[in-house]
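Below is one structure; the comments refer to it alone.
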Amino acid sequence: MLNWIKLLSHFGLLLSIYFCFSSANWFALWISLEVNSLCFIFIIFKKNNLSINSMFKYFIIQSFSSLILLIFFMIMKNLSTPELSLFLINSIMAMKLGISPFQWWLPDVSESLSWWEFFIFNSFQKIIPLFIISLSPSFLWIFIILSCVFAPILMILQSSLRKILIYSSLIHMSWMLFAMPNDSFSWIFYLIFYSSSILVFFIISINSNFSSLHQLSIFKTRIFYLILFINIANISGVPPLLGFFPKWMILSSMPNFSLLVLVPIMISTLLSIFIYMKIFFSFFPTLPYTVKSSFLSINLAFFLTFLLCFMIFMFFLI
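With UniProt numbering applied, the sequence shown covers 1 to 318.
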C-alpha cells in the first residue's frame with residue numbers, strides 16, 4: 001500500500017510542476033505549490049522517529065510560509081507599495097527554498113532522507129518557488145549576498161555529505177537568482193544542468209552506500225576516486241566540465257550586471273571549489289599524509305593568489 005502511495009506521490013509532484021507553469025493566477029500557483037509540498041511529504045514518509053521528525057519540520061515550515069502567502073494574497077490589493085508586495089512574496093519563497101537567512105531548517109530535514117529523496121528535495125522541489133520568484137525578481141540581491149556569505153562558512157564546518165551538498169546548493173541558487181532579472185528562463189537551464197550533475201553523484205552514493213566524508217577512506221579503488229573527483233569538480237563548476245557551462249552562459253547573456261552582486265557570487269563559488277577539492281584530497285587513500293598536507297598548502301596559496309588577482313581585476317573594472 002505504501003509503495004502505491006509513493007508512486008502516486010511522484011506522479012502528483014510532476015503534475016503540480018506542470019500546472020504551475022500553466023497557471024493563470026496567483027491562487028492556481030498557490031494550489032500547485034501546496035500539492036507539490038504534500039506529495040513530497042508522502043514521498044519522504046517512513047516509519048521511524050528520525051524520518052517522522054524531519055517530515056514534521058518540513059511540514060511546519062511549508063505550512064507556515066504558505067499560510068503567510070495566503071494571507072498576503074488576501075490583503076495584497078490594499079497595499080499601496082508594490083515594491084513591498086514583491087519583497088514579501090520573494091521572502092516567503094526564500095523561506096520555502098531555505099535560501100539564506102532561512103537556511104537553518106535544511107540540514108535537519110536532509111539528514112533523514114534517502115539519496116533519491118534528497119535528489120528530489122534538491123532539484124524538483126525548487127522549481128515552483130523559483131518560478132514564482134522569476135515572475136517578480138525584485139530585491140534578490142539581499143538573498144544572493146547572504147547566501148554567498150553563509151554557504152562557504154557552513155560548508156567548511158561539516159563532515160556530512162548531505163549537509164555539504166545542501167549548503168553548496170545555496171551558491172547554485174544564488175546563480176539562478178542572479179540570472180532572473182535579465183533572463184526569465186536561464187535559471188531553468190541552470191537547474192537542469194545542476195540536477196544532472198548531482199544525479200550522477202547520487203547514483204554513485206547509492207551504489208557505494210556512504211553518507212559521511214570519513215567513509216570515503218574505506219574505498220581503495222583508484223577508478224572510484226577518479227569518478228568521484230570528476231563529479232565533485234563538475235558539481236563545483238570547475239571549467240571545462242559541464243557544471244561550468246551554465247555559469248558561463250549566464251554571464252555571457254547579461255549585458256549589464258551589478259558588481260556588488262557578481263563579486264560575492266564569484267568569491268563564494270571559488271571558495272566552494274576549494275572546499276570540495278580540499279575535502280577530496282584529504283581522504284585520497286594513496287597519498288601519504290605529508291604529501292597531502294604539502295599539496296593542500298600549495299593549493300591554498302595558489303587559490304588565495306588567484307582570488308587576490310581576481311579582486312584587483314574587479315577593482316579596476318569599477
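All C-beta atoms, glycine included, are put in the ideal place defined by N, C-alpha and C. Model, not experiment: these values are computed from the prediction.
Here S147 has I99, S100, L170 and S174 as same chain residues with Cβ atoms under 6 Å from its own Cβ, once five neighbours each way along the sequence are excluded. A direct Cα-Cα distance of roughly 21 Å separates E34 from W116.
DSSP places V238 in no alpha helix (DSSP H); its state is neither H nor E. Sequence-distant partners of F193 (beyond 5 residues in either direction) whose C-beta falls short of 8 Å from its own C-beta, in its chain, are L242, G243, F245 and P246.
In the three-state DSSP reduction, S147 falls in the helix class (H, G or I). Between I92 and the set F42, V109 and S136, the nearest pair of CA atoms involves S136. For the stretch 153-194, there is no continuous beta strand (DSSP E) assignment of 3+ residues that stays within its boundaries. Taking C-beta atoms under 8 Å as the contact rule, L130 and F121 fail to qualify, at a distance of about 14 Å. Along the length of the stretch 111-143, whole alpha helix (DSSP H) runs at least 4 residues long occupy 115-122 and 127-135, reported in chain order. One thing to note: A179 has its Cβ no nearer than 9 Å to the Cβ of Y167.
Contact between the stretch 36-46 and the stretch 148-164 is absent, with fewer than three C-beta pairs closer than 8 Å.
Here W248 is exposed: its Cβ has fewer than 16 other Cβ atoms, across all protein chains shown, within 10 Å.
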